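Numbering (my numbering), first residue to last: 62 to 501.
Rendered as structure tokens:
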């Protein structure tokens with residue numbers, strides 16, 4: 062047990078940490094292969110805050126900037142064990158080759174380890190992801206029984222791999238758009254709905270339920286409702302399980318949460334923001350279905366409204382036009398291209414434009430997020446945290462938050478929140494950037 066300066070106690074990260082991934086596709090295999098390469102010393106964990114980031118402690122004059130992984134007790138990469146579920150039977154090596162994100166010469170360096178990772182049969186229903194279908198799927202009389210089968214998978218994985226702790230990160234596809242219903246309000250109603258095969262219970266919710274029931278922290282990397290419903294939020298609190306979500310903040314939205322705060326900080330007005338994406342991976346194929354796209358669209362559209370606060374600044378942001386388009390274009394594969402046309406206005410209302418062309422790789426940006434979430438959720442549980450982990454908003458397009466407050470989308474406020482949470486945990490002074498003491 063580690064005792065912090067504040068007197069808090071954190072369990073040491075002793076033993077193996079199992080990382081369970083519903084969806085063993087492009088993001089998951091890029092994360093797994095990359096982590097294996099890093100721990101062999103064959104690559105750098107670029108993009109990972111836990112591995113490469115530092116944190117300032119105390120006053121600027123003290124010049125204390127330890128690496129985050131040296132400041133808080135995180136699991137060592139050598140202690141990670143990987144597993145997952147998928148509707149296709151390909152092992153992690155085969156799946157990674159088909160995804161086409163990492164080159165074969167890189168994958169071959171960890172081929173033996175990747176081939177050992179074979180997906181468990183998935184909980185899947187084409188009703189919720191209409192563009193996909195596969196043979197490696199569980200069969201049961203109802204959704205409650207499917208949840209029990211997932212719980213058994215979790216227990217077997219933990220025992221077979223001699224894991225001390227587990228985390229689960231949803232890396233599966235975007236499900237069709239859903240809004241909370243009566244079935245989502247309490248745990249009792251949720252379980253009853255599973256038993257009667259209610260359409261309100263989507264596969265990602267079944268994974269989230271199973272994880273929480275087994276005491277496993279859960280993060281949702283897609284815009285699905287998943288764990289973001291009252292029943293499962295309360296269940297997580299009761300089971301003392303940390304949860305986080307939703308929708309990994311990777312390409313275009315990452316840029317939005319940097320540019321929009323700049324406009325607001327300088328009191329520059331906005332008349333329109335038009336965003337277009339082309340991508341050709343499995344994610345692009347899934348989002349070609351209008352109902353799955355709507356789920357993603359709602360996640361991406363909410364960012365500007367919360368950052369710009371048009372109700373407070375009607376002259377600047379009271380009448381802007383915001384449109385998001387995602388187009389499936391197979392030749393591009395995982396190498397997504399995003400265009401943004403931003404019409405703004407400045408002094409005396411004179412118009413200006415910003416144009417951004419971001420040629421990004423979705424899975425390359427998402428993989429380090431999966432790593433950081435796995436390590437931080439494990440830290441949260443060992444530190445006694447439970448329920449919604451808003452300090453992890455930094456990683457999500459549509460962050461989960463308490464019902465009494467609005468979500469924080471500004472990337473730099475999110476980063477400040479994350480680092481202050483770590484300082485608070487370890488009993489260090491919180492950073493406010495006031496700095497008056499330097500000029501007394």
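Where a beta carbon is used, it is the ideal one built from N, C-alpha and C, also for glycine.
Only a predicted model underlies this, so the values are computations on that prediction, with no experimental measurement involved.
| query | What do you get for residue 499, buried or exposed, if any count of 16 or more other CB atoms within 10 angstroms of its CB means buried? | reply | Counting Cβ neighbours within 10 Å, residue 499 comes out exposed, since fewer than 16 surround it.
| query | Over what stretch of residues does the alpha helix (DSSP H) that includes residue 165 continue unbroken? | reply | Element bounds for residue 165: 165 to 168.
| message | Starting from residue 84, trace the beta strand (DSSP E) in both directions and tell me its first and last residue. | response | Unbroken run through residue 84: none, as it is neither H nor E.
| residue 336 - containing alpha helix (DSSP H), residue span | Judged by DSSP secondary structure, residue 336 falls outside any alpha helix (DSSP H) and instead within the beta strand (DSSP E) spanning 330 to 340.
| request: Round the Cβ separation of residue 108 and residue 426 to the nearest angstrom and send it over; I've been treating them as touching at under 8 Å. | output: The pair is a contact, with the Cβ atoms about 7 Å apart (cut-off 8 Å).
| message | Give me the residue from 197, 126, 447 and 454 with the minimum Cα distance to residue 113. | response | In terms of CA proximity to residue 113, 126 leads the group 197, 126, 447 and 454.
| Candidates 272, 160 and 121: which alpha carbon is nearest residue 511's? | Here the chain covers residues 62 to 501 and nothing more, so residue 511 does not appear.
| message | Please return the same chain residues whose Cβ sits closer than 6 Å to the Cβ of residue 371, not counting the five positions on each side in sequence. | response | Only residues of its own chain outside the window of five on either side were considered, and among them 378 and 379 have a CB closer than 6 Å to the CB of residue 371, listed in chain order.
| request: Can you grab the Cα-Cα spacing for the pair residue 207 / residue 115, in whole Å? | output: Roughly 42 Å between the two C-alpha positions.
| request: Check whether the Cβ atoms of residue 167 and residue 318 sit closer than 8 Å, and answer yes or no. | output: Result no, Cβ atoms of residue 167 and residue 318 do not sit closer than 8 Å.
| Integer-rounded CB distance, given that residue 279 should sit under 8 Å from residue 229 | Residue 229 to residue 279, Cβ: 5 Å. Contact.
| request: Quickly, what does DSSP pair residue 115 with across the bridge? List them, please. | output: In the DSSP assignment, residue 115 forms a beta bridge with 128.
| query | Comparing alpha-carbon positions, which option in 210, 265, 213 and 182 lies nearest residue 236? | reply | The shortest CA-to-CA distance from residue 236 to any of 210, 265, 213 and 182 is the one to 265.
| request: Kindly indicate which three-state DSSP category residue 383 falls into: helix, strand or coil? | output: Of the three classes helix, strand and coil, the one that applies to residue 383 here is strand, per DSSP.
| task | Could you tell me if residue 162 is buried or exposed, where buried requires 16 or more neighbouring beta carbons within 10 angstroms of its beta carbon? | result | Buried is the call here.
| field | From 198, 309 and 150, residue whose alpha carbon lies closest to that of residue 455 | value | Here the closest residue by C-alpha is 309.
| For residue 416, which of helix, strand or coil comes out of DSSP? | Residue state for residue 416 is assigned as strand, using DSSP reduced to three classes.
| message | Which same chain residues end up closer than 7 Å to residue 292 when comparing Cβ atoms and leaving out the 5 residues on each side of it in sequence? | response | Excluding sequence neighbours, residue 292 sits near 245, 246, 247, 248, 250 and 251.
| Starting from residue 281 and walking both ways along the beta strand (DSSP E), at which residues does that stretch end? | For residue 281, the uninterrupted beta strand (DSSP E) segment begins and ends at 279 to 281.
| Pick from 238, 284, 76 and 259 that is closest to residue 225, judged by C-alpha positions | Ranking 238, 284, 76 and 259 by CA distance to the CA of residue 225 puts 76 first.
| field | Helix, strand or coil at residue 71 [DSSP, three-state] | value | In the structure shown, residue 71 sits in a strand (DSSP, three-state: E or B).
| message | When you compare the CB positions of residue 458 and residue 284, do they come within less than 8 Å of one another, or not? | response | Yes, these two residues count as a Cβ contact at 8 Å.
| query | With respect to the beta strand (DSSP E) encompassing residue 229, which residues constitute its N-terminal and C-terminal limits? | reply | Run containing residue 229: 224 to 231, per the beta strand (DSSP E) assignment.
| So does the stretch 257 to 277 actually touch the stretch 195 to 212, counting three or more Cβ pairs closer than 8 Å? | A contact exists between the stretch 257 to 277 and the stretch 195 to 212.
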